[in-house]
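This report refers to the structure that appears directly beneath it.
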Amino acid sequence: MNARNKKIRSGALAAFFVAMLLGTLSMPAFGQNPRLDIKNLEALAKKASEVVDVNLDGSLLKLASKFMTDEDDREALGIIKNLKGVYVKSLTFDEPGDYSEGDVEAIRSQLQAPAWSRIVSARSKHDGENAEIYLMTATDGGSVLGMAIICAEPKELTVVNIVGPVDIDKLSQLEGKMGIPRLEEQTDESGQKPEGHRAKP
Amino acid sequence: MRNHRLLLAPAILSVALLQMLPDAARAGDSEFHSLVERMSDYYQKRPVRHMGWLNFFANRYTPGGVSHFEMAIFDDVDASRTHAIEELGSSLVSLVGPSYQPFVSVQDLRSGEWTSIYTRESGKEQIEMLIISIDSSDAVLMKMQLKPEAMRKWLEDPMERARDARRGAEDAQRDRM
């Protein structure tokens, strides 16, 4: 009886550890969240001439997907229906230099490895534009949990946070929609290749 | 004399009907009424009168996909209260209640204008939109229902649509004067 109890106990323990392991693999690194804390930009908002916030949480996205009935929307719909939220904060300034690199760093500091990895960084010396795309992946590297886009122009700073699985190859379907800037224009002008690549999930 | 009476009767009837129309238009949405009341409490001010007329006609001439349009304008509001953005923000959240979700907000710090847009599902394929636009002297409350074609435009470019809404609120204030 004791031997049987021991077997059951060890079996239960093994199952518990397997469950823990599987759970850990599908979770982001400890302490990191696909939802960015954009409140860091609140202080910066006081220096801006215009501040725009777009909040599309899960329920609104679900609702939005009902309205995307056009043939052109089919691919975007495929992405949107799986998302948990799209959050955009855009700040416009009167003069170049009204915000500093340090201000952007407050956002970048949340986008740290191992959970987050920068997959695109494009800079344009001409226009002073800078676009960065970060992906958060599960620790098994298999699934994308979120995305962050930072578009910094001399007089405009836009931070986009997409929470949920999004295919980077299909990101273009969302560009120009829901407050997400058109990244192609920015990256094409830069003439620089993306840096900080990581194996595509 | 009889001719005068004949002419007078339809005129009186028309006036009576026209007097009733704004009230009928207002009575349509008790929730909007209570929102107006709460905004009145906040600003300690009544909204501009005869808005029922504007709402009545606006509902007949609103562009495609927009219906059940209602608007209330509060003019000469206490600017010192308007500038307390944080206080105003939490007040607005409590004003709209939990069923509305924040969708877009545009804040113009130079002019002190602030437009907040909230949405919620309304029926099968409609969205109800609540727009609160405030500047240093006026506050405008708008509520409307959007059909899919109208909501698509909002999703295409929520930032620009929100700026349009703010400009619309400004125009409404100007046209009223």
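In order, the protein sequence lines correspond to chains A and B. All letters in the first sequence, in the order written, are residues 0 to 200 by numbering that gives the first Met the number 0. All letters in the second sequence, in the order written, are residues 0 to 176 by numbering that gives the first Met the number 0. By construction, the Cβ of each residue, glycine as well, lies at the ideal position given by its N, Cα and C atoms.
Worksheet item: When you compare each of A:K61, A:T136, A:S123, A:D126 to A:G145 by their alpha carbons, which one comes out closest?
Response: A:T136
Worksheet item: Which residues, in order along the segment 63-75 of chain A, keep a beta-carbon less than 9 Å from a beta-carbon of chain B?
Response: A63, K65, F66, M67, T68, D69, D72
Item to complete: Can you tell me which of A:S123, A:S64, A:L90, A:D102 puts its alpha carbon nearest to the alpha carbon of A:K176?
Response: A:S64
Worksheet item: To the nearest whole angstrom, what separates the beta carbons of A:V53 and B:V103, a pair I think is in contact under 8 Å?
Response: With 8 Å as the limit, A:V53 and B:V103 qualify as a contact, their Cβ atoms being about 5 Å apart.
Fill in: Same chain, Cβ closer than 8 Å to B:D28, neighbours up to 5 away in sequence not counted
H67, E69, K142
Worksheet item: Where do the N-terminal and C-terminal ends of the beta strand (DSSP E) with B:P101 fall, by residue?
Response: For B:P101, the enclosing beta strand (DSSP E) has its first and last residue at 100-107.
Discussion item. Taking only three categories from DSSP, how would you classify A:A201?
Written reply: Limits of chain A in this structure are 0 at one end and 200 at the other, which puts residue 201 of chain A out of reach.
Discussion item. With distance defined between alpha-carbon atoms, name the residue in B:H32, B:D77, B:Y99, B:A71 nearest to B:Y41.
Written reply: B:D77
Worksheet entry | Minimum C-alpha distance to B:K44 - residue among B:S136, B:A149, B:G167 | B:S136
Worksheet item: Alpha carbon to alpha carbon, how far is A:R73 from A:M67?
Response: 7 Å
Discussion item. Using only the alpha-carbon positions, how far apart do A:V87 and A:V158 sit?
Written reply: 6 Å
Discussion item. Helix, strand or coil, according to DSSP, for A:K227 in the structure here?
Written reply: Given a span of 0 to 200 for chain A in the structure shown, any question on residue 227 of chain A remains unanswerable.
Discussion item. If you reduce the DSSP assignment to three classes, tell me which class B:V35 lands in.
Written reply: helix
Item to complete: Return no unless some Cβ of chain A is closer than 9 Å to the Cβ of B:P101.
Response: yes
Discussion item. Since A:V50 and A:L90 should fall inside the 8 Å C-beta cutoff, what is the C-beta to C-beta distance between them, to a whole number of angstroms?
Written reply: 5 Å
Worksheet item: When you check each C-beta in the segment 61-76 of chain B against every C-beta of chain A, which residues fall closer than 7 Å?
Response: If the cut-off is 7 Å between Cβ atoms, the segment 61-76 of chain B has nothing near chain A.
Discussion item. Can you check which of these residues, B:R166, B:F31, B:M38, B:P157, is closest to B:P101 by C-alpha distance?
Written reply: B:P157
Item to complete: Would you check if the distance between the CB atom of A:L134 and the CB atom of A:S123 is smaller than 9 Å?
Response: no
Discussion item. Would you say A:D56 lies against chain B (beta-carbon separation less than 9 Å)?
Written reply: yes
Practice prompt. Let me know the secondary structure DSSP gives A:F66 once reduced to three states.
Written response: helix
Worksheet item: In chain A, what lies closer than 7 Å to B:R160 by C-beta?
Response: In chain order: nothing, as chain A lies at least about 10 Å away.
Practice prompt. Could you name the residues of chain B that A:M177 contacts, counting a contact when the two beta carbons are closer than 9 Å?
Written response: L154, E155, D156, P157
Worksheet entry | Neighbour list for A:V158 in chain B, Cβ cutoff strictly below 7 Å | Correct list: empty, because the minimum Cβ distance to chain B is about 13 Å.
Practice prompt. Measure how close the beta-carbons of A:L35 and A:I106 come, nearest whole angstrom, since I'm counting them as under 8 Å.
Written response: The pair is a contact, with the Cβ atoms about 7 Å apart (cut-off 8 Å).
Fill in: B:S136 in three-state terms, based on DSSP
Collapsing the DSSP output to three states places B:S136 in coil.
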